[in-house]
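As structure tokens, the structure follows; a few thoughts come after it.
Protein chains in written order, with UniProt numbering: chain E, 1 to 191; chain D, 1 to 592.
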């Protein structure tokens with residue numbers, strides 16, 4: 001019996017975390033797992049913090065977890081990884097995008113973006129750092145950062161056997177498919 | 001075929017398969033997507049945005065009385081607005097099946113309070129179902145329609161955010177074409193004059209007895225036997241949390257039909273198990289009734305009745321287990337509050353309004369509620385939909401009476417104005433307060449994700465329709481001083497405020513510009529001279545005064561070391577607010 005695994009994806013409104021989670025969930029369904037996915041977005045489309053949870057296994061009950069339970073934490077933004085770190089199992093993995101998005105108090109100069117966020121995480125957990133912004137920029141579209149991170153996650157969770165190409169094609173507008181497939185490969189190789 | 005669907009998508013699918021004919025709602029998180037998904041079935045279902053939840057429930061009840069299978073959906077606080085027809089519908093009963101959906105928001109992800117609407121079912125004496133995942137949500141719409149028609153009752157379907165917004169696998173089926181039942185005039189049923197209602201109350205009580213029998217028999221309430229040391233009674237999403245924690249180490253009485261409760265089934269279950277837990281989110285709705293029946297159980301003395309539940313809390317509360325968690329200094333993580341978007345027309349409005357001295361600003365529910373947050377801080381109250389105008393009126397009456405120098409400015413959105421602002425504005429006119437009402441008309445219901453309303457010129461199913469004119473409505477309600485302004489022109493706004501403050505009579509200022517994220521409609525393209533662009537800060541000229549930063553635009557960044565502002569070109573849409581506020585003209589537009 002496959003044990004239920006929990007993946008926590010976090011980021012900032014507008015980064016495409018929900019689309020990445022949707023592709024991830026559909027791929028897992030195709031692979032025959034029972035899957036539950038939950039979006040915790042509230043007012044996040046106005047620049048707030050966003051999280052989604054994807055759980056898969058033979059039979060999944062709760063669509064959400066509590067602290068200390070995620071097998072992997074994928075953060076689309078550096079500081080958000082630290083906000084959600086307590087949700088990771090002590091022996092879980094972190095995949096973190098080395099990319100900073102200052103929040104409103106930081107933009108206004110009232111607070112500083114915390115220093116050494118990634119180092120703190122590296123000291124606490126098994127961490128893979130991905131420069132998804134650089135990769136996306138090389139590919140010529142910053143918006144594919146989410147699929148770079150999806151690729152990295154698939155590699156980190158040993159889920160490469162699933163037909164991701166098909167799932168990505170199902171969820172992306174035709175003219176952006178090639179660039180997203182490339183982003184996915186680059187993400188896989190980045191880990 | 002199995003599909004991964006959210007609870008809301010599953011409900012729309014279930015309603016389609018159940019052969020419903022009519023649905024209405026006012027958008028509200030977490031319920032919004034139910035009608036958005038129903039709108040797709042244009043051939044089979046009439047799906048509408050109503051101006052508010054009371055209207056939605058009343059129209060669904062009307063359609064039901066006519067003989068159609070009908071549905072109305074709302075978020076929890078929406079049922080407060082619709083409480084009046086909801087209670088009456090409990091008396092009239094139905095003709096075609098009637099399902100009323102309330103989507104509660106434990107955890108207040110996007111709401112002004114946290115209320116457990118299961119009590120409404122008991123209070124209104126109607127049947128209630130509570131699904132625990134998307135498949136159940138889909139199935140229960142159909143079963144609820146049947147219960148509604150069989151027992152002549154509206155059925156309240158109670159969801160929570162986690163059921164609405166989580167996805168699980170759903171088996172897709174076919175639509176059952178259900179004919180519209182014949183309509184027959186029946187004063188003894190649908191005409192709630194006191195003499196009729198008196199008789200109907202007796203029927204309602206009889207119906208409750210029959211519903212309790214059904215509750216004891218139905219498979220919606222089932223037992224799953226495992227180890228009998230622990231027995232758990234649970235419903236809704238809390239059942240999934242209980243299963244996650246206890247798996248097959250406990251027996252379960254899973255309740256899908258929760259008003260009236262299946263007391264016989266509960267008693268039998270309780271007798272068989274050693275320790276009985278009731279696991280429920282928010283209030284002790286089940287627990288209180290179980291205890292009142294003389295059955296001992298453990299519930300809210302261990303499980304908190306505030307905020308959203310999760311498996312960790314259930315485990316900690318009932319088993320005393322503390323999870324091992326990575327320890328670190330969380331205090332260095334900076335808050336990430338939601339903000340008004342770059343280019344939001346509300347920002348300019350609040351920026352100008354916040355300069356006014358001796359002003360109380362009464363706010364409302366919508367994107368513009370964020371005008372109360374830093375750095376604009378331009379709001380004193382937020383109560384509920386429509387309350388900005390009436391609360392403002394109450395304040396102004398006192399200010400007038402006590403000869404205070406303050407003025408009240410009430411701020412409300414376009415959709416909210418139609419929802420319940422209009423009657424409040426009528427009160428302002430009738431009871432003669434000189435409030436200044438500002439309708440922030442961004443041409444869409446923005447906060448919930450861009451739903452049409454009577455002012456947009458389109459229906460939910462995409463048909464062009466007559467566009468409601470807010471200025472004309474305000475005049476018709478008796479407001480004699482009405483002005484429409486472009487909020488992105490600060491001088492125009494200032495002149496409008498000066499004008500309104502100088503009047504001894506109530507006035508309405510309509511601040512009209514489309515939401516920065518809105519896909520412009522044909523009407524919008526004709527009306528608004530919209531040209532996207534980008535602004536840039538000349539670093540040589542910038543004196544680091546932070547005035548542009550204090551507009552709260554997320555595209556503007558202040559570099560503390562260089563003491564200069566800069567603009568993120570990827571986010572800027574060229575609204576030019578920063579250009580207008582910069583005292584040294586360091587910001588300019590650099591084309592598209």
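Glycine is no exception: its CB is placed at the ideal position from the N, C-alpha and C atoms.
**Request:** Establish whether the CB of residue 21 of chain D and some CB of chain E are separated by less than 8 Å.
**Result:** no
**Item:** residue 239 of chain D versus residue 116 of chain D - alpha carbon distance
**Value:** 16 Å
**Request:** May I ask which residues mark the beginning and end of the beta strand (DSSP E) holding residue 64 of chain E?
**Result:** Premise fails: residue 64 of chain E is in no beta strand (DSSP E) and is neither H nor E.
**Request:** Starting from the C-beta of residue 142 of chain D, find all residues in its chain whose C-beta is less than 7 Å away, skip the five residues before and the five after it, and write them out in chain order.
**Result:** 14, 17, 18
**Prompt:** In chain E, what lies closer than 8 Å to residue 243 of chain D by C-beta?
**Reply:** 61, 62
**Proximity test, Cβ basis, 8 Å: residue 519 of chain D and chain E** = no
**Item:** Cβ shell of residue 284 of chain D (< 6 Å), same chain only, five flanking positions each side left out
**Value:** 299, 300
**Prompt:** What are the start and end residues of the beta strand (DSSP E) that includes residue 32 of chain D?
**Reply:** Note, residue 32 of chain D: premise wrong, no beta strand (DSSP E); not H, not E.
**Item:** For residue 282 of chain D: DSSP bridge partner residues
**Value:** Answer is none; residue 282 of chain D lacks a bridge partner.
**Asked** Do residue 440 of chain D and residue 511 of chain D have their CB atoms nearer than 8 Å?
**Response** yes
**Contact list for the segment 333-354 of chain D against chain E, Cβ threshold 8 Å** = 333, 334, 335, 336, 337, 338, 339, 340, 341
**Message:** Using the three-state DSSP reduction, which class does residue 481 of chain D fall into: helix, strand or coil?
**Reply:** strand
**Prompt:** Cα separation between residue 215 of chain D and residue 51 of chain D?
**Reply:** 35 Å
**Request:** Taking 8 Å as the cut-off, decide whether the C-beta atoms of residue 503 of chain D and residue 434 of chain D are in contact.
**Result:** yes
**Item:** Three-state secondary structure assigned by DSSP to residue 164 of chain D
**Value:** helix
**Request:** Rounded to whole angstroms, what's the CA-CA distance from residue 255 of chain D to residue 120 of chain D? Just pull it up for me.
**Result:** 17 Å
**Asked** Distance, Cα to Cα, residue 113 of chain E vs residue 102 of chain E?
**Response** 7 Å
**Message:** Quick check: residue 340 of chain D and residue 371 of chain D, are their CB atoms within less than 8 Å of each other?
**Reply:** yes
**Request:** Would you check if the distance between the CB atom of residue 425 of chain D and the CB atom of residue 474 of chain D is smaller than 8 Å?
**Result:** yes
**Request:** Jot down the residue ranges of each uninterrupted alpha helix (DSSP H) in the segment 433-490 of chain D, minimum 4 residues, whole runs only, in chain order.
**Result:** 470-476
**Asked** Among all the DSSP beta bridges, which residues are the ones paired with residue 557 of chain D?
**Response** D:566
**Minimum Cβ-Cβ distance from residue 326 of chain D to chain B less than 8 Å** = Checking the listed chains, one finds no chain B in this structure; the protein chains it contains are E and D.
**Message:** Among the candidates D:258, D:302, D:232, D:294, whose CA atom is the shortest distance from the CA of residue 269 of chain D?
**Reply:** D:232
**Item:** Rounded C-alpha distance that separates residue 102 of chain D from residue 75 of chain D
**Value:** 5 Å
**Asked** Near residue 108 of chain D, what residues of its chain come up, given a Cβ to Cβ distance below 7 Å and the 5 sequence neighbours on each side ignored?
**Response** 114
**Item:** Member of D:176, D:200, D:201, D:263 whose CA lies at the smallest distance from the CA of residue 213 of chain D
**Value:** D:263
**Asked** Which residues in chain E sit within 9 Å of residue 169 of chain D, going by Cβ to Cβ distance?
**Response** 29, 34, 35, 36
**Prompt:** Which residues does DSSP pair with residue 551 of chain D in a beta bridge?
**Reply:** Answer by DSSP bridge pairing: none, since residue 551 of chain D is not bridged.
**Asked** Which residue comes first and which comes last in the beta strand (DSSP E) that contains residue 49 of chain D?
**Response** 46-49
**Request:** Determine the chain D residues that contact residue 26 of chain E at a beta-carbon separation under 7 Å, and present them in chain order.
**Result:** 4
**Asked** Listing by chain order, which chain E residues have their CB less than 8 Å from the CB of residue 166 of chain D?
**Response** 36, 37, 38, 39, 63, 64
**Message:** Just verifying my parser: in three-state terms, what is the DSSP assignment at residue 127 of chain D?
**Reply:** strand
**Message:** Per the DSSP calculation, residue 37 of chain E is bridged to which residue(s)?
**Reply:** E:54, D:167
**Request:** Could you list which residues in chain D have their beta carbon closer than 8 Å to that of residue 103 of chain E, in chain order?
**Result:** 334, 335, 336, 337
**Request:** Within the same chain, show all residues whose beta-carbon is closer than 7 Å to that of residue 163 of chain E, passing over the 5 residues directly before and after it, in chain order.
**Result:** 30
**Asked** Which same chain residues, not among the five before or five after residue 88 of chain D, have their C-beta less than 7 Å away from its C-beta?
**Response** 192
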